Amino acid sequence: MSHLQLDLQNLVRPNILKLIPYRCARDDYDNGILLDANECSYGSCIPMEGDMNRYPSPYNFDLKEKIAKYRGVRKEQIYLGVGSDEAIDMVVRVFCTPGEGSLLITPPTYGMYKVRLKKLLQEPLEKFPLSSKVVRVSTQAKWYILKSCRTFSQVVADINNVQVISVPLTEEFHLPVDEVVDAVTPQTHVIFLCSPNNPTGNTLATDRIIALLERFEGIVVIDEAYVDFSTCGSLCYLLDKYPRLVILQTFSKAFGLAGIRFGMAIAHEDIIAIFNKVKFPYNISKLTASVAHKALDNVHLMEANVKSIAEQKERIIEELEKIPTVRKIFPSDSNFVFLRIDHAYEIYKKMASEKGVVIRYQGSKVHCKDCVRITVGTSEENDELLKTLKKTIAELDEAPNGSV
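Using UniProt numbering, the first residue of the sequence shown is number 1, and each one after it goes up by one.
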């Protein structure tokens with residue numbers, strides 16, 4: 001199978017291929033005297049704008065049309081979900097056979113795919129039980145033993161009874177294409193990538209992603225949750241050439257609408273048709289769809305916020321560069337700053353528990369020793385962040401033996 005082919009017969013679970021899409025009450029008729037769906041014809045029990053007593057559109061074609069125009073794709077290429085998390089779960093359920101299939105992730109990455117990773121050097125493989133998932137991930141013969149971590153991310157794999165293969169990004173957080181290709185098995189139907197990456201903030205190089213698409217015969221998923229903050233732009237333009245590419249996006253970040261839980265998968269029409277077979281009939285509520293419509297009618301407001309966030313991010317970086325204990329600030333195409341700093345955990349803990357300023361400690365993740373992630377806030381929030389950070393560092397320096 002070449003990179004130009006989409007062989008769904010071999011990629012999709014056989015029972016999924018046999019599914020027939022559920023016929024909804026609104027599939028055929030959506031106006032007139034509607035007495036077909038056992039809705040309450042007397043209306044909502046509370047004052048509401050709109051006909052909330054009626055089921056929503058099962059496919060939201062008008063909303064997909066707006067998204068398609070904004071992203072430069074076709075509406076038939078769009079699947080709408082309750083956040084991009086639903087789209088992630090959809091990918092796993094459609095392409096990974098329970099008890100047989102596997103998916104591959106590249107940590108450090110979004111917690112939705114996270115597993116606990118333990119690097120072991122100079123240990124005989126016979127030491128580990130056969131149930132351990134062992135994957136060779138580098139030419140230096142380093143081995144990684146993967147064990148489950150009961151986060152929501154692992155729940156997706158656990159529910160679907162799917163193995164997770166983990167191949168870390170390089171120390172500079174680049175995609176190691178050769179190692180990824182070497183690690184996949186015939187049962188690996190999906191690779192998840194995050195670009196711009198969370199928690200590191202960098203955009204994965206397009207040439208490396210294309211190289212992976214050329215060499216891997218399964219589904220490559222690019223999570224673009226932070227793409228609107230990046231000057232690199234979306235990879236949606238690759239969809240027509242690479243039909244096994246799936247792109248995930250969300251309204252939770254740049255659009256500032258995390259509360260409505262609205263995301264999407266953008267992919268080949270045949271993949272979207274499969275997703276529509278599996279999805280719940282009315283997964284996007286009328287309230288969610290209404291807010292999403294308004295957001296797309298006011299993209300200029302989102303773009304203004306993105307510009308302000310970029311300006312504030314540069315300001316934070318400039319101030320961080322003045323702090324001697326900050327060892328490295330990583331390039332960021334997102335709405336956060338990722339940095340390595342002395343006493344990272346102590347700073348995080350003290351700021352959160354004593355100062356009421358909460359950042360994210362990332363030091364337990366591969367290649368992230370002494371790292372924290374700081375979301376860019378408002379100007380006032382960033383003032384408080386910088387003041388609190390500098391004060392906390394000073395207090396730690398003054399404490400005996402660096403104790404908190």
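We treat Cβ as the ideally placed atom computed from N, Cα and C, and that holds for glycine. Since we're looking at a predicted model, the values are computed, not measured.
In the three-state reduction of the DSSP assignment, Asp270 falls in the helix class, which pools H, G and I. Cβ-Cβ distances below 6 Å link Asn197 to nothing in the same chain once the five nearest sequence neighbours on each side are left out.
At least 9 Å separates the beta-carbon of Asn335 from that of Val299. Residue pairing from DSSP places Met264 in a beta bridge opposite Leu80, Gln249. Rounded to whole angstroms, the gap between the alpha carbons of Tyr361 and Tyr237 is 35 Å. By the C-beta density criterion, Tyr59 is buried, having at least 16 other C-beta atoms within 10 angstroms. Within the segment 196-231, the complete beta strand (DSSP E) segments at least 3 residues long are 219-223, listed from N- to C-terminus. Using a Cβ distance threshold of 9 Å, Pro108 and Ala289 do not count as a contacting pair. Residue burial is scored here from C-beta neighbours: Arg244 has at least 16 other C-beta atoms within 10 angstroms and is therefore classed as buried. The criterion of a C-beta distance shorter than 9 Å is satisfied by Val162 and Gly101. Residue state for His293 is assigned as helix, using DSSP reduced to three classes. Taken in chain order, the complete alpha helix (DSSP H) segments of 4 residues or longer contained in the segment 344-376 are 344-350. Distance between Met90 and Gln312, taken at the CA atoms: about 36 Å. Note: Arg340 is bridge-paired with Lys328, Cys371 in the DSSP secondary-structure output.
DSSP places Ser44 in the coil class of the three-state scheme, outside both helix and strand. Measuring C-alpha to C-alpha distances from Ala292 to each of His174, Ala254, His367, Glu172 identifies Ala254 as the nearest. CA-to-CA, the gap between Leu103 and Glu86 works out to about 16 Å. Our two residues, Tyr22 and Tyr226, have alpha carbons roughly 33 Å apart in a direct line. Looking only at Asp51, Val337, Leu19, Lys294, the smallest Cα-Cα distance to Arg93 is reached by Leu19.
For Thr188, the enclosing beta strand (DSSP E) stretches over residues 188-194.
Counting C-beta pairs closer than 8 Å gives three or more between the segment 366-375 and the segment 342-349, which meets the contact rule. In the DSSP assignment, Val164 falls within the unbroken beta strand (DSSP E) covering 163-166. Note that the segment 264-275 does not touch the segment 34-49; fewer than 3 beta-carbon pairs, one per stretch, sit closer than 8 Å. For the set Lys241, Thr203, Phe338, the Cα lying nearest the Cα of Asp228 is the one of Thr203. Here Ile309 is not near Ile317, since their CB atoms are 9 Å or more apart. For Leu396, the enclosing alpha helix (DSSP H) has its first and last residue at 379-398. Here Leu103 carries a strand assignment [DSSP, helix/strand/coil].
Looking from the CA of Cys368, the closest CA among Ala304, Thr200, Asp270 belongs to Thr200. Looking at the backbone, the Cα of Val164 and that of Val220 are separated by about 15 Å. Assigned with DSSP and collapsed to three states, Val177 falls in helix. For Arg340, the closest C-alpha among the options Asn382, Cys194, Val326, Lys387 is that of Val326. In the DSSP annotation of this structure, Lys322 is not part of any alpha helix (DSSP H), being labelled neither H nor E. With a cutoff of 9 Å on beta-carbon distance, Ser84 and Asp178 are scored as not near each other. Residue environment for Arg26: buried (at least 16 other C-beta atoms within 10 angstroms of its C-beta).
In this structure, the straight-line span from the alpha carbon of Glu381 to that of Val366 is close to 29 Å. A straight-line Cα-Cα distance of about 14 Å links Lys355 and Leu396.
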